[in-house]
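Encoded as C-alpha cells, the structure appears first; notes follow it.
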Amino acid sequence: IEKQTKLLRIQPAEVPDKDPQQVPKEYVDSGLLDKAVVAQELNKSGPGTETELADTAFDLILLLLMEQWKWLCTESMQKFLHIIFGTLVQRWLEVQVANLTCPQRWAQYLHLLRESIWPGGVLPKFPRPGRTQAQKAATEKQALQSLMDLLPDFLVEILGVNKCRLSWSLVLESFQQPLINRHLIYCLGDIILELLDLSASVEECAPATSASDSPGSLKKMAVST
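Going by my numbering, 195 is the number at position 159 of the sequence shown; the sequence numbering is gapless.
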C-alpha cells in the first residue's frame, strides 16, 4: 500500500501533460473495430448477399401465406426460415435458373421464335389468321401447367394447389397487356445489345476505316480514276 501511494504521488509529476485533443489508442481501436463490424453487417444485408434469390422467394411466399398462416409471417419465424432453408432454396433456384438459361434452352427458345416468325424457314406472304378463344384458352392452360411443374411438391402442399394456380394465373394475366409486353420486349432487346457489346466491334472497325481513308489510299483512288 505504501509503495502504491508513493507511485501515485510521483506519477503526476513524471507523466507529461497530454494533448486534450489526443484520443487514447484503446478508444481508436474500439472505434475502428465498431466501424469494421458495421461495414460487415452492411455487406451482409446489402443487395449482393449470398441468398439474394432465396430472400426474394421467401418474401413472395410470406406474402401468399399472410392470409392463411399469420403466425408463420412473424419476424422471428422469418429469420428462422432464412437460417434453416435459405441456402437450400438459393441452391435450388440457382439450379433452376441455370437450367432455364443453358445453351440448349436458348437454342430451343430461338428455334421456337424462328418457327413463330418464319414457319418452315419461309416468310409467310399473308398474315397469320387470328387465334380463336378456344386456342387461346388451351395455350393459357398449357402455360399454367408448365408453371405449376416448376414448383416443388412440398411448396405446393404448404401453399395449396388453388393458391399456386391463382398466383400463376395472376402472372399470366399480367402478360396480357400489349403495352407492357412491348415495353418488356424493348427492355430485353436493350439487355441483349448490352451483352453483345456492339460498341467494342464498332471501335475495332474504326481504325480499319481510318486506315482505308489515309492519303495514300486517296492518291491511289485518284490515279485509278
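We put the beta carbon where it would ideally sit given N, CA and C, even for glycine.
The structure presented is a predicted model; accordingly, all values stated were derived computationally and were not measured.
{"query": "When we look at the beta-carbon of residue 195 and count the other beta-carbons within 10 Å, is it buried (16 or more) or exposed?", "result": "buried"}
{"query": "How is residue 157 classed by DSSP in three states: helix, strand or coil?", "result": "helix"}
{"query": "Which of helix, strand or coil does DSSP assign to residue 233?", "result": "coil"}
{"query": "Please state the DSSP three-state secondary structure of residue 122.", "result": "helix"}
{"query": "Just to confirm my understanding: we take residue 218, look at its own chain, exclude 5 residues before and 5 after, and list those with CB closer than 7 Å. What are they?", "result": "none"}
{"query": "Using the rule of at least 16 other Cβ atoms within 10 Å of the residue's Cβ for burial, across every protein chain shown, is residue 261 buried or exposed?", "result": "Reliability of the predicted coordinates at residue 261 is poor, the pLDDT of 48 falling under 50, and no value is obtained from them."}
{"query": "Quick test of the definition: if touching needs 3 or more C-beta pairs under 8 Å, does the segment 187–204 touch the segment 145–161?", "result": "no"}
{"query": "In the structure shown, what three-state DSSP assignment does residue 168 receive?", "result": "coil"}
{"query": "Please report the distance separating the alpha-carbon of residue 136 from that of residue 166.", "result": "29 Å"}
{"query": "Near residue 181, which residues of its chain fall below 8 Å by C-beta distance, leaving aside the five closest residues on each side in sequence?", "result": "none"}
{"query": "Any contact of the segment 123–135 with the segment 86–97, i.e. 3+ C-beta pairs under 8 Å?", "result": "yes"}
{"query": "Whole angstroms is fine: what's the gap from residue 150's alpha carbon to residue 200's?", "result": "32 Å"}
{"query": "Whose C-alpha, out of 152, 171 and 172, is nearest the C-alpha of residue 163?", "result": "152"}
{"query": "Assign residue 207 to one of two classes, buried (16 or more other C-beta atoms within 10 Å of its C-beta) or exposed (fewer than that).", "result": "exposed"}
{"query": "Nearest-angstrom Cα distance between residue 178 and residue 171?", "result": "11 Å"}
{"query": "Any idea what DSSP makes of residue 86, helix, strand or coil?", "result": "coil"}
{"query": "Contact defined as beta carbons within less than 8 Å: I believe residue 203 pairs with residue 117. What is the distance between those atoms, to the nearest angstrom?", "result": "At roughly 19 Å, the Cβ-Cβ gap does not stay under 8 Å, so residue 203 and residue 117 are not in contact."}
{"query": "Measuring alpha carbon to alpha carbon, tell me which of 142, 93 and 148 ends up nearest residue 123.", "result": "93"}
{"query": "Can you give the beta carbon distance from residue 98 to residue 114, rounded, assuming they're within the 8 Å contact cut?", "result": "7 Å"}
{"query": "With a CB to CB cut of under 6 Å and the five nearest residues on each side skipped, what residues in its chain are close to residue 169?", "result": "none"}
{"query": "What residue from 139, 229 and 176 has the CA that sits closest to residue 212's CA?", "result": "176"}
{"query": "How big is the Cα-Cα spacing for residue 205 and residue 224?", "result": "23 Å"}
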